[in-house]
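These notes are about the structure you will find just below.
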Amino acid sequence: MELDLQLTPRSRILLAILGAVLLILVAIQVVPAFYRLFVNQEAKAKQEQLLKTENLVRAAEVLKPIEAEIYKATGLANTENQEDDDQKIVSLFDTQPPETVIRARVDGLVRRAGIEQNYQLLTKPAAGKQNLKLTLQNRERLILYLYLKHIESEEGELTEMAAQEAEDNSFDMMMEAWLSGTTASDTDAESEETDEGASDAESVEDVEPESTAQSADPETQTDPSEYASLPETIPLSLRVKLASYIRSMVTQQLRGATDFRQGFFAAQVLKIETPASPGIFGIGAKPAAVEVQLRRNSPLLEILMQTPDEYAEEQPTAAELQSALVKYIEKIQAQRASFLEQLALAPPTYETQLYTVEMKFKTDLGKLVSLNHLIETNAKWLTVRDMRISADKQTSNAQRGRNRGRDNATNLNVDLFLIAQIF
């Protein structure tokens with residue numbers, strides 16, 4: 042018996058309707074999935090861009106206090122006197138084109154070297170841009186430089202306070218010596234007045250004891266974007282010595298002149314770890330503890346042990362001084378780690394733009410050496426790539442007999458090729 046497998050028109054219509062329904066169901070399930078996939082990728086790209094922008098803002102906030110110092114060190118700081126700090130321009134590139142800044146700075150260097158102003162100068166951008174890596178070491182040096190500027194400022198303030206205090210103490214000693222010659226009657230009268238004043242002061246203290254205590258011991262709050270100051274528990278004269286020594290050691294560390302592998306502060310403290318004690322069936326259990334103290338050979342400890350004469354009676358104990366200084370070191374290290382973490386979120390590379398500077402001028406050897414020295418010390422953004430020197434033929438023959446032994450007076454034709462790196 043043969044089977045008739047041909048579909049009737051009605052069956053074909055039903056199968057077509059079923060297929061269409063299935064396609065609609067598949068489309069309803071698949072199309073939103075693909076849409077969500079593309080939308081998620083776009084949203085992820087926007088989130089990454091937003092995170093990158095936030096990281097740049099964080100890095101800018103961390104480096105803002107030393108941005109002007111960096112431009113000053115490289116010779117690109119704004120030297121114009123501006124009274125309004127809010128409108129102060131950190132870099133000249135904020136308002137002027139790079140070619141204008143380069144020509145003005147080179148012209149200033151030429152004037153300082155004593156070279157005549159009839160020179161030729163051609164400035165043009167170099168092809169392409171250069172990407173430089175902001176390595177972890179450079180980030181650490183930036184954060185350490187930020188602390189160096191902080192301790193320099195604090196040292197200046199402490200020195201002024203110490204000088205003012207010494208002047209006040211000398212004035213008080215002179216007044217005591219002058220008042221010691223008064224008569225006994227005057228002394229008795231003064232003592233009665235002082236007793237009355239003391240009673241009045243006691244009554245005032247009885248009325249407002251809380252306000253007096255609050256004014257005597259205010260709570261110090263520091264800006265989270267700035268480093269902490271040396272503790273006031275340490276006498277002023279010792280704080281001046283500590284700030285001076287720390288500033289010198291941090292400067293040497295930045296210059297690579299120290300052998301501190303973990304940094305200056307890390308080399309001054311010793312961490313003593315006490316393991317956890319389980320106790321007996323949990324009774325008397327003690328968690329693990331870490332005690333931080335100054336090393337015995339630490340120069341900071343030697344400075345703390347120098348008891349000043351003016352604080353002989355009110356001098357805190359050695360343990361209190363060490364504890365205060367150790368807490369200060371821990372706080373500085375924690376702040377450095379926090380700043381470094383914020384700076385680590387910034388992009389790993391930064392872009393610099395290069396310009397070529399071609400100069401042609403006439404000068405003597407002494408002024409040429411002076412110009413080269415100024416470029417190396419005051420314009421670290423300029424690099425001498427090529428220098429061609431030739432003697433002036435018109436003057437060399439005429440001055441050969443007269444200026445024998447006076448080479449510095451010979452005019453030289455100088456072709457100087459410089460690279461300006463703008464960042």
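Quick note: the sequence shown uses the numbering used here, first residue 42, plus one each step.
No residue lacks a Cβ here, since even glycine has one placed at the ideal position from N, Cα and C.
Query raised in the report: By the 10 Å Cβ neighbour count, where 16 or more other Cβ atoms means buried, how is Phe306 classified, buried or exposed?
Result: Sequence index remark: in the sequence shown, residue 306 carries index 265 (1-based). The residue in question, Phe306, is buried, as its Cβ has 16 or more Cβ neighbours within 10 Å.
Query raised in the report: How big is the Cα-Cα spacing for Asp433 and Asp427?
Result: Counted from its first residue, the sequence shown places residue 433 at position 392. Counted from its first residue, the sequence shown places residue 427 at position 386. Distance between the alpha carbons of Asp433 and Asp427: 19 Å.
Query raised in the report: Do you know how far the Cα of Arg146 is from the Cα of Gln293?
Result: As a working note, residue 293 is residue 252 in the sequence shown. As a working note, residue 146 is residue 105 in the sequence shown. Approximately 30 Å, taken between the alpha carbons.
Query raised in the report: What residue range is occupied by the uninterrupted alpha helix (DSSP H) comprising Ile463?
Result: Translated into positions along the sequence shown, residue 463 becomes position 422. Here Ile463 belongs to no alpha helix (DSSP H); instead the beta strand (DSSP E) covers Leu453 to Ile463.
Query raised in the report: Mapping DSSP to helix, strand and coil, what is Ile111?
Result: Residue 111 sits at position 70 when you count from the first residue of the sequence shown. In this structure, Ile111 counts as helix in the three-state DSSP scheme.
**Report entry** Those residues which DSSP pairs with Ile313 across a bridge
**Finding:** If you number the sequence shown from 1, residue 313 lands on position 272. Ile313 is bridged by DSSP to Glu332.
Query - Stretch pair the region 99-110 + the region 374-387: three plus CB contacts closer than 8 Å - result: Result yes; three or more Cβ-Cβ pairs closer than 8 Å.
Query raised in the report: Got a sec? Which residues, its chain only, sit under 8 Å from Val367 by beta carbon, not counting five neighbours each side?
Result: By one-based count along the sequence shown, residue 367 stands at place 326. Contacts found: Val310, Val333, Gln334 and Leu335.
Query - Rounded Cβ spacing between Tyr188 and Arg377 (contact assumed at less than 8 Å) - result: Residue mapping note: residue 188 aligns to position 147 of the sequence shown, counting from 1. Residue mapping note: residue 377 aligns to position 336 of the sequence shown, counting from 1. Rounded, the Cβ-Cβ distance is 7 Å, consistent with contact.
Query raised in the report: Is it right to say Pro319 is buried, meaning 16 or more other beta carbons lie within 10 angstroms of its own, or is it exposed?
Result: What you label residue 319 is simply residue 278 of the sequence shown in a count that begins at 1. For Pro319, the number of other beta carbons within 10 angstroms of its own is below 16, and it is reported as exposed.
Requested in this report: For the beta strand (DSSP E) containing Lys401, list its first residue and its last residue.
Outcome: Residue numbering aside, residue 401 sits at position 360 when the sequence shown is read from its first letter. For Lys401, the enclosing beta strand (DSSP E) stretches over residues Thr390 to Thr404.
Report task. Please determine, among Ile192, Pro272 and Asn210, the residue with the shortest C-alpha to C-alpha distance to Val291. Result -> Residue mapping note: residue 291 aligns to position 250 of the sequence shown, counting from 1. If we check each option's Cα against that of Val291, Ile192 comes out closest.
**Report entry** Exposed unless 16 or more other CB atoms sit within 10 angstroms - verdict on Met400
**Finding:** In the sequence shown, the residue the question calls residue 400 occupies position 359. By the 16-neighbour rule on beta-carbons within 10 angstroms, Met400 is buried.
Requested in this report: Measure the Cβ-Cβ separation of Ile156 and Lys408 and say whether it is below 8 Å.
Outcome: Working through the sequence shown from its first residue, we reach residue 156 at position 115. Working through the sequence shown from its first residue, we reach residue 408 at position 367. Yes.
Requested in this report: Would you identify the three-state DSSP class for Thr141, choosing helix, strand or coil?
Outcome: Mapped onto the sequence shown, residue 141 falls at position 100. Note: Thr141 maps to helix in three-state DSSP.
Query raised in the report: Between the beta-carbon of Pro285 and the beta-carbon of Glu195, is there less than 8 Å?
Result: Position 244 of the sequence shown, counted from the start, is the residue given in the question as residue 285. Position 154 of the sequence shown, counted from the start, is the residue given in the question as residue 195. The sequence as given places Ser at residue 285; Pro does not occur at that position. In this structure, the beta-carbon distance from Ser285 to Glu195 does not fall below 8 Å.
Query - 7 Å Cβ shell around Lys282 - same chain, five flanking residues per side excluded - result: Residue mapping note: residue 282 aligns to position 241 of the sequence shown, counting from 1. Answer for Lys282: Ile344, listed in chain order.
Query raised in the report: Does the beta-carbon distance from Leu91 to Thr393 come in below 8 Å?
Result: In the sequence shown, the residue the question calls residue 91 occupies position 50. In the sequence shown, the residue the question calls residue 393 occupies position 352. Contact flag unset, no.
Query raised in the report: Considering Ala432, what are the terminal residues of the beta strand (DSSP E) in which it resides?
Result: In the sequence shown, counting from the first residue as 1, residue 432 sits at position 391. DSSP places Ala432 in the uninterrupted beta strand (DSSP E) bounded by Leu423 to Ala432.
Report task. Could you check if Leu199 is buried or exposed, using at least 16 other CB atoms within 10 Å of its CB as the buried criterion? Result -> Numbered from its first residue, the sequence shown carries residue 199 at position 158. Flag for Leu199 reads buried.
Query - Rounded straight-line distance, which links the Cα of Ile430 to that of Val151 - result: Counting from one through the sequence shown, the residue named residue 151 turns up at place 110. Counting from one through the sequence shown, the residue named residue 430 turns up at place 389. It is roughly 17 Å from the alpha-carbon of Val151 to the alpha-carbon of Ile430.
Query raised in the report: How big is the Cα-Cα spacing for Leu415 and Lys105?
Result: Here residue 415 refers to the residue found at position 374 when the sequence shown is read from its first residue. Here residue 105 refers to the residue found at position 64 when the sequence shown is read from its first residue. Distance between the alpha carbons of Leu415 and Lys105 is about 27 Å.
Requested in this report: Check Leu386 in the structure and name its three-state DSSP category.
Outcome: Position 345 of the sequence shown, counted from the first residue, corresponds to residue 386. If DSSP states are grouped into helix, strand and coil, Leu386 belongs with coil.
Query raised in the report: Regarding Ile275 and the ligand PLP, is the C-beta to nearest heavy atom distance less than 7 Å?
Result: With respect to the ligand PLP, the structure shown offers nothing to examine, as it has no ligands at all.
Query raised in the report: Would the beta-carbon of Leu459 fall within 8 Å of that of Gln171?
Result: Position 418 of the sequence shown holds residue 459. Position 130 of the sequence shown holds residue 171. No; because the gap between Cβ atoms is not below 8 Å, this pair is not in contact.
Query raised in the report: Taking 8 Å as the CB-CB limit, is Pro340 close to chain B?
Result: Here chain B cannot be found, since the structure has a single protein chain.
Requested in this report: Taking Thr397 and Lys165 to be in contact with their CB atoms under 8 Å, please state how far apart those CB atoms are, rounded to whole angstroms.
Outcome: As a first step, residue 397 is located in the sequence shown; it is residue number 356 there, counting from the start. As a first step, residue 165 is located in the sequence shown; it is residue number 124 there, counting from the start. That pair is a contact at about 6 Å.
Query - Contact set for Ala218: own chain, Cβ-Cβ below 7 Å, skip 5 residues either direction - result: Within the sequence shown, the letter at position 177 stands for residue 218. Closer than 7 Å at Cβ, skipping near neighbours: no residue.
Query - Best match in Leu279, Glu417, Leu220 and Phe380 for proximity to Arg180 [C-alpha to C-alpha] - result: Translated into positions along the sequence shown, residue 180 becomes position 139. Nearest option by C-alpha distance: Phe380.
Requested in this report: Consult DSSP for Pro166 and reduce its assignment to one of helix, strand or coil.
Outcome: Here residue 166 corresponds to residue number 125 of the sequence shown, with the count starting at 1. Strand, per DSSP.
**Report entry** Where the alpha helix (DSSP H) containing Leu342 begins and where it ends
**Finding:** Residue numbering aside, residue 342 sits at position 301 when the sequence shown is read from its first letter. Looking at the DSSP string, the run of the alpha helix (DSSP H) that includes Leu342 is Pro340 to Leu345.
Requested in this report: Can you tell me which of the three DSSP states Ala118 falls into?
Outcome: Taking the first residue of the sequence shown as position 1, residue 118 is located at position 77. Reduced to three states, the DSSP call for Ala118 is strand.
Requested in this report: Leaving out five residues on either side along the sequence, give the residues of the same chain with a beta carbon under 6 Å from the beta carbon of Pro272.
Outcome: Stepping through the sequence shown from its first residue, residue 272 is reached at position 231. Taking Pro272 as the centre and dropping the five residues before and after it, the same chain places the C-beta of Ala365 and Tyr369 closer than 6 Å to its C-beta, in chain order.
Query raised in the report: Excluding five sequence neighbours on each side, which residues of the same chain lie with their C-beta closer than 8 Å to the C-beta of Ala329?
Result: Counting from 1 along the sequence shown, the entry for residue 329 is found at position 288. Here the set comprises Glu314, Thr315, Pro316 and Ala317.
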